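Undergrad: First to last, the protein sequences are chains A and B. First residue of the first sequence: 1, per the numbering used here; consecutive thereafter. First residue of the second sequence: 1, per the numbering used here; consecutive thereafter. Note that beta-carbon positions come from the ideal geometry of N, C-alpha and C, so glycine has one too. These numbers come from a predicted model, not from an experiment. Here you go, one structure.
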Amino acid sequence: MYDKKDINKIKEKKVEWEKNHYSKLIKNQAERKDKFENLSGTEIRNIYTPEDIEHLNYTKDIGFPGQYPFLRGIHSTMHRGRLWTMRQFAGFGSAEETNERYKYLLKHGETGLSVAFDYPTLYGYDTDHPLSRGEFGKCGVAVSSLKDMEILFDGIPVDKVTTSMTINGPAAIIWAMYIANAENRGISKDIIGGTIQNDILKEYIAQKSFIFPPEPSMRLIVDTFEYGFKQVPKWNTISISGYHIREAGSTAVQELAFTLGDGIEYVKAAMKRGLEIDKFAPRLSFFFNSHNDFFEEIAKYRAARRIWAKELKKLGAKKSRSLLMRFHTQTAGCTLTAQQPEINIVRVTMQALSAVLGGTQSLHTNSMDEALALPSEKAVRIALRTQQIIAEESGVTDTIDPLGGSYYIEWLTDKMEEKTYNYFDRIEKLGGVIPAIEKGFFQREIAESAYKYQKDVDENKYTIVGVNKYKTDDEISIPILKMDEEGEKRQINRLEKLRKERDNLKVEKNLKHLKKAAEGDKNMMPYILDCVHSYATLGETCGVLREVFGEYEEPAIY
Amino acid sequence: MERKIRVLIAKPGLDGHDRGAKIVARALRNAGMEVIYTGLHQTADMIIETAIQEDVDVIGLSLLSGAHMTLFIDVTKLLKKKNMQDVLFIGGGIIPKEDVSVLKKAGVDGVFGPGTHTEDIVVFIKNNVKL
């Protein structure tokens with residue numbers, strides 16, 4: 001980017017500055033640390049100059065927003081044209097309670113919905129299954145059938161608002177319920193928009209709500225890709241997620257590398273089925289974490305865009321739209337402290353800002369009370385207001401990629417890209433993502449980083465305000481969300497009534513057809529849709545697939 | 001030679017958040033204890049069964065799904081039923097303060113929330129374990 005002559009002059013001046021100014025000063029007064037290093041183990045130097053990015057070519061490596069390699073953003077107007085979608089992940093108790101929360105959030109200016117399901121739902125069990133004991137509505141809403149889905153979105157304009165659903169193992173079934181509900185309301189499936197997480201690889205790697213073994217899981221996912229671009233063209237059929245990998249304890253570099261590695265694996269699986277890359281790739285989306293290291297996070301999003309565009313091109317994508325790394329961000333839940341919970345508002349603000357400066361398409365800001373319980377109405381409103389302040393008061397959205405060109409940010413973006421490719425090589429050597437999972441590679445890498453982080457905190461090498469520094473003895477006094485205790489009973493009654501009143505012959509027939517499709521090699525989506533339309537429950541539908549595919553069991557490594 | 005403290009770390013229920021369980025397992029092992037980690041999706045029966053088979057002195061449960069009031073208490077009931085009250089029972093996770101006192105009354109000896117120093121867990125076990 002710079003003239004050779006200029007670079008040499010800068011180098012000369014820098015040597016002089018280090019010798020005559022910097023070194024002299026630190027001889028008298030040492031810096032705060034012997035070595036400055038970020039959480040990914042990258043050493044951070046005192047200053048960055050054009051010398052650090054002299055190898056970069058502006059038009060080739062950086063470019064313009066909306067143009068290859070999309071480093072500066074996927075759209076040519078970015079947040080000047082349209083702000084990101086403010087999408088708060090929410091769900092608890094019964095469908096009625098969560099429906100109320102969605103309406104509350106929309107009333108306060110939220111622009112998209114995001115559903116959190118409870119554990120039984122995530123595992124494809126109905127609320128009255130023995131393994132659901134104690135879990136009803138605890139960390140999300142329970143959806144056991146189309147009936148619950150109808151209540152959940154009652155009065156919400158699903159033709160206008162987009163909905164993201166964090167569901168993986170039974171994603172195809174829950175998606176089918178969403179589609180069926182829209183259809184029953186007279187809304188055609190080619191206009192509904194939203195996202196299913198549907199990312200099973202990161203479940204094996206980190207989040208651990210898997211049901212089936214890898215092979216049938218990948219088949220189900222490719223089925224949704226195919227059904228999606230043909231029938232539900234505005235839907236993102238996957239949200240390839242680094243969020244949970246990071247929450248499980250990975251570094252930013254590991255999050256970046258493992259997530260993009262998973263993404264490439266999905267593309268290859270779909271191509272193996274014979275799907276055309278330019279048909280399904282435009283519907284792939286991503287989900288990243290926003291942790292504490294402000295600049296490292298920004299560099300991560302930028303690097304992700306450039307790597308994805310390069311890799312998709314290599315895999316044969318021709319359409320520009322296929323190369324776009326569109327992503328949602330959530331601030332890091334694991335950075336929230338139970339101690340002095342109000343200060344979490346400040347953490348979340350910083351984290352949200354880095355997501356915005358990194359060019360996110362959608363954002364969830366955590367509530368201050370989430371290290372204690374599910375968020376209260378007031379806490380979630382403050383979290384939403386945080387986004388609105390960044391969007392409409394701070395001015396950071398007035399220009400695109402405002403940190404682009406910063407010597408440090410460009411250097412760090414490049415560094416993270418280089419480290420990501422190192423991980424790609426290691427994954428390749430292990431035989432690809434699935435063999436690496438089976439060998440426990442990712443799980444061990446993450447456990448290692450998580451333990452190191454905890455040790456650094458325990459030994460005060462890494463500061464967490466309120467936890468290992470600046471502690472107070474104040475009692476925690478923030479109101480905590482209380483759930484409707486009758487919710488579970490209501491839900492179980494609803495299920496019993498449903499099983500009695502529906503056309504059970506039709507349900508049985510549809511489940512049998514699904515079983516046959518699962519045993520063969522047909523796309524299962526139309527059969528799943530028939531099941532949910534006839535009010536087969538989640539547990540019944542998933543049960544059929546469990547019978548055919550079996551369940552995944554992971555080795556317990558620590 | 002003094003016998004090593006034997007600890008069972010388990011993940012009850014459907015919750016998949018295993019970061020805390022794994023960190024605690026490792027910290028206890030590094031503090032010289034013998035640690036058995038069950039992995040995910042354990043029922044109360046499975047946990048007690050393993051505890052008996054492995055002859056552990058301590059059971060540690062980690063749960064972040066919010067189902068602690070059911071799943072931790074299931075384990076306390078079984079411990080009583082099997083006359084295993086000499087086993088030290090600790091738990092951790094996202095547990096609101098008002099639940100902590102109920103859990104302690106029900107027989108959970110120690111509850112550790114977010115931000116706990118791993119050394120505090122080690123010390124608690126050493127001070128309270130019955131060998």
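Output, in sequence order along the chain, the residues in the segment 365-376 of chain A whose CB is closer than 7 Å to any CB in chain B.
TA: Ala371, Leu372 and Ala373
Undergrad: Looking at the structure shown, is Met271 of chain A part of a helix, part of a strand, or coil, going by DSSP?
TA: helix
Undergrad: If you follow the alpha helix (DSSP H) that Phe441 of chain A is part of, which residue opens it and which one closes it?
TA: For Phe441 of chain A, the enclosing alpha helix (DSSP H) stretches over residues Phe441 to Asp458.
Undergrad: Per DSSP, Thr331 of chain A forms a beta bridge with which residues?
TA: A:Ser290
Undergrad: What does DSSP give as the partner residue(s) for Lys469 of chain A in the beta ladder?
TA: Lys469 of chain A is bridged to A:Val465.
Undergrad: Does the beta carbon of Lys22 of chain B come closer than 8 Å to any beta carbon on chain A?
TA: With 8 Å as the cut-off, Lys22 of chain B counts as an interface residue toward chain A.
Undergrad: In the DSSP assignment, the beta strand (DSSP E) including Thr166 of chain A goes from what residue to what residue?
TA: Thr163 to Thr166
Undergrad: Look at the alpha carbon of Pro120 of chain A and the alpha carbon of Lys378 of chain A, and state the distance between them as a whole number of angstroms.
TA: 28 Å
Undergrad: Keeping to the same chain, check which residues put their C-beta closer than 6 Å to that of Pro220 of chain A; ignore five residues upstream and five downstream.
TA: A quick correction: the sequence has Leu, not Pro, at residue 220 of chain A. Cβ neighbours of Leu220 of chain A beyond the five flanking positions: Ala172.
Undergrad: Which residue spans inside the segment 329-385 of chain A form an unbroken alpha helix (DSSP H) run of at least 4?
TA: 344-357
Undergrad: Using three-state DSSP, classify Thr85 of chain A as helix, strand or coil.
TA: strand
Undergrad: Any beta carbon from chain B within less than 8 Å of Ser290 of chain A's own beta carbon?
TA: no
Undergrad: Check the Cβ of Lys97 of chain B against every Cβ in chain A and list those closer than 7 Å, keeping chain order.
TA: Ile476
Undergrad: With a cut-off of 8 Å on the beta carbons, I'd call Met325 of chain A and Phe70 of chain A a contact; round off their distance for me.
TA: 7 Å
Undergrad: Can you pull the chain B residues whose beta carbon is under 7 Å from the beta carbon of Leu131 of chain A, in chain order?
TA: The answer, in chain order, is Leu14.
Undergrad: Alpha carbon to alpha carbon, what distance is there between Tyr407 of chain A and Gly358 of chain A?
TA: Taking the straight line from one Cα to the other gives about 16 Å.
Undergrad: Let's see if you can read the secondary structure: which residues bound the beta strand (DSSP E) around Arg6 of chain B?
TA: That run of the beta strand (DSSP E) goes Arg6 to Ala10.
Undergrad: Could you tell me which chain B residues have their CB closer than 8 Å to the CB of Glu379 of chain A, listed as they occur along the chain?
TA: Per the sequence shown, residue 379 of chain A should be read as Ala rather than Glu. Correct list: empty, because the minimum Cβ distance to chain B is about 14 Å.
Undergrad: Could you tell me which of A:Leu131, A:Gly81 and A:Ile480 sits nearest to Thr566 of chain A, measuring between CA atoms?
TA: Nothing can be reported for residue 566 of chain A: it is not among the residues displayed for chain A, which extend from 1 to 558.
Undergrad: Taking the CB atoms as reference points, tell me whether Glu96 of chain A and Asp118 of chain A lie closer together than 8 Å.
TA: no
Undergrad: Under the assumption that Phe112 of chain B contacts Gly92 of chain B (Cβ atoms under 8 Å), give the Cβ distance between them as a whole number of angstroms.
TA: 4 Å
Undergrad: In whole angstroms, what separates the C-alpha of Ala281 of chain A from that of Leu323 of chain A?
TA: 8 Å
Undergrad: Within the continuous beta strand (DSSP E) that includes Gly249 of chain A, where are the two ends?
TA: Counting along the chain, Gly249 of chain A falls outside any beta strand (DSSP E), and DSSP gives it neither H nor E.
Undergrad: Got a sec? Which residues, its chain only, sit under 7 Å from Ser241 of chain A by beta carbon, not counting five neighbours each side?
TA: If we look at Ser241 of chain A and ignore the five residues flanking it on each side, its Cβ neighbours are Gln197, Asp199, Lys202, Thr259 and Phe287.
Undergrad: Keeping to the same chain, check which residues put their C-beta closer than 7 Å to that of Arg444 of chain A; ignore five residues upstream and five downstream.
TA: Ile557
Undergrad: I'd like the list of long-range same chain contacts for Thr420 of chain A, defined as Cβ closer than 8 Å, with 5 residues on each side in sequence excluded.
TA: Val253, Leu256, Ala257, Leu260, Ala303 and Ile307
Undergrad: Please work out which residues of its chain come closer than 6 Å, Cβ to Cβ, to Tyr243 of chain A, disregarding the five sequence neighbours upstream and downstream, and give them in chain order.
TA: Phe287, Asn289 and Gln330
Undergrad: Could you give the first and the last residue of the continuous alpha helix (DSSP H) run that contains Glu215 of chain A?
TA: Pro214 to Gln231
Undergrad: Just curious, the beta strand (DSSP E) that Gly194 of chain A is in, first and last residue?
TA: Gly194 to Ile196
Undergrad: Using only CA atoms, which one of A:Ala536, A:Tyr301 and A:Thr541 lies nearest to Lys506 of chain A?
TA: A:Ala536
Undergrad: Going along chain A, which residues have a C-beta under 7 Å from Thr70 of chain B?
TA: Neighbours of Thr70 of chain B on chain A, chain order: Arg133 and Gly134.
Undergrad: Of all Cβ atoms in chain B, is any one closer than 8 Å to the Cβ of Pro214 of chain A?
TA: no
Undergrad: Let's see if you can read the secondary structure: which residues bound the alpha helix (DSSP H) around Leu122 of chain A?
TA: Tyr119 to Leu122
Undergrad: Taking the straight line between their C-alpha atoms, what separation do you get for Lys104 of chain B and Gly110 of chain B?
TA: 7 Å
Undergrad: Keeping to the same chain, check which residues put their C-beta closer than 8 Å to that of Asp133 of chain B; ignore five residues upstream and five downstream.
TA: Because residue 133 of chain B is not part of the residues shown, which for chain B are 1 to 131, the question remains open.
Undergrad: Please check if any C-beta of chain B sits within less than 8 Å of the C-beta of Gln454 of chain A.
TA: yes
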